[in-house]
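Everything below concerns the one structure shown next.
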Amino acid sequence: MAAAQGRLSDGAGGMDESKDTSKDTEDGLRHGGPGPLPFRAAVEALRAARLRPQIEVEPTRPPQRLAPYAYALEAAVVDGDQDLADGRLVLLYDPAGHEAWQGTFRLVTLVRAELEPEMAADPLLPEVCWSWLTGALQARGLTYGEPSGTVTRASSHYFGGLSARPAASQIEIRASWTPREGLGGVPDTAAHLASWCDLLAQVAGLPPAAPGDASVVTLPQRRGPQSR
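Residue numbers for the sequence shown follow my numbering, beginning at 8 and rising by one.
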């Protein structure tokens, strides 16, 4: 799976992922033990979530130093042997709470996809991409607070020995938000994961899972599938 890599900010003070993975585990958890009950329940809900079949999800090493407890997933929107988009979702938990989060849980994400240069040049692209995130959460009736993030467009042009390669453009969404805590202080992480997968699907150019979803905003011309 060609999952998104790079540094993740939690949207609260610009804290970045540490490269130290000494405390990471193979199941996507970070900490010396299983963690408090609310965190364990939130992680189990992520693991049990049922998602649309075009999206492959698996646990990955979570970032360090962002919170006492963390769990991470990486995902790719797959068409045959090609990836249309990929991303990473991190669940953070601080039992003492976090002033910037206004809660004890935080979700942090990085999503990216290749675009046609004409689409990348659309002046409305950043606003539309941000609306894909907020619209995906709202479409599932989720409440959240303290949203923060960036939408970045990047273009690559090749010269010299690489001049045969076509120009490439990429969209990258980095965001974080505080999910509302429910019974027992546990947010509905399964629903937030489903919303995040809806975002991935939109970035990849897939139709919405539910027909007639008015929250979907479309843009023309998307680059074809990328080889895995």
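Each residue gets a CB set at the ideal place from its N, CA and C atoms; glycine is no exception.
A146 carries a helical assignment under DSSP once its states are collapsed to helix, strand and coil. Excluding its 5 nearest sequence neighbours in each direction, A182 has C-beta neighbours in its own chain below 6 Å: T116, L140 and G156, listed in chain order. The beta carbon of F112 lies closer than 6 Å to those of Y100, P186 and P194 in the same chain, with the five residues before and after it left out. With a beta-carbon spacing of about 7 Å, P102 and P75 fall inside the 8 Å limit used to define contacts. Here P133 carries a helix assignment [DSSP, helix/strand/coil]. Taking C-beta atoms as the reference points, A55 and A197 count as a pair closer than 8 Å. The continuous alpha helix (DSSP H) containing E51 extends over residues L44 to A55. Scanning its chain for C-beta atoms nearer than 6 Å, with the 5 sequence neighbours on each side dropped, one finds around E179 the residues R119 and T159, in chain order. In chain order, D195 place their CB closer than 7 Å to the CB of G189, counting only its own chain and leaving out the 5 sequence neighbours on each side.
Exposed is the label assigned to G87, since fewer than 16 other Cβ atoms lie within 10 Å of its Cβ. In the displayed model, A128 falls within coil according to three-state DSSP, outside both helix and strand. DSSP lists no bridge partner for P60. A direct Cα-Cα distance of roughly 48 Å separates G148 from S170.
Rounded to the nearest whole angstrom, the C-alpha separation of P154 and W184 is 4 Å. Per DSSP, the unbroken alpha helix (DSSP H) holding L206 starts and ends at T196 to A211.
Looking at the DSSP output, R95 sits in a beta bridge with E81 and L117. In this model, E123 and L73 are separated by some 35 Å (Cα to Cα). When G167, L80 and C136 are compared, the shortest CA-CA separation from R68 is found for L80. Cβ contact annotation for Y151 (same chain, cutoff 7 Å, sequence separation greater than five): L144, W184, T185, P186 and R187, in chain order.
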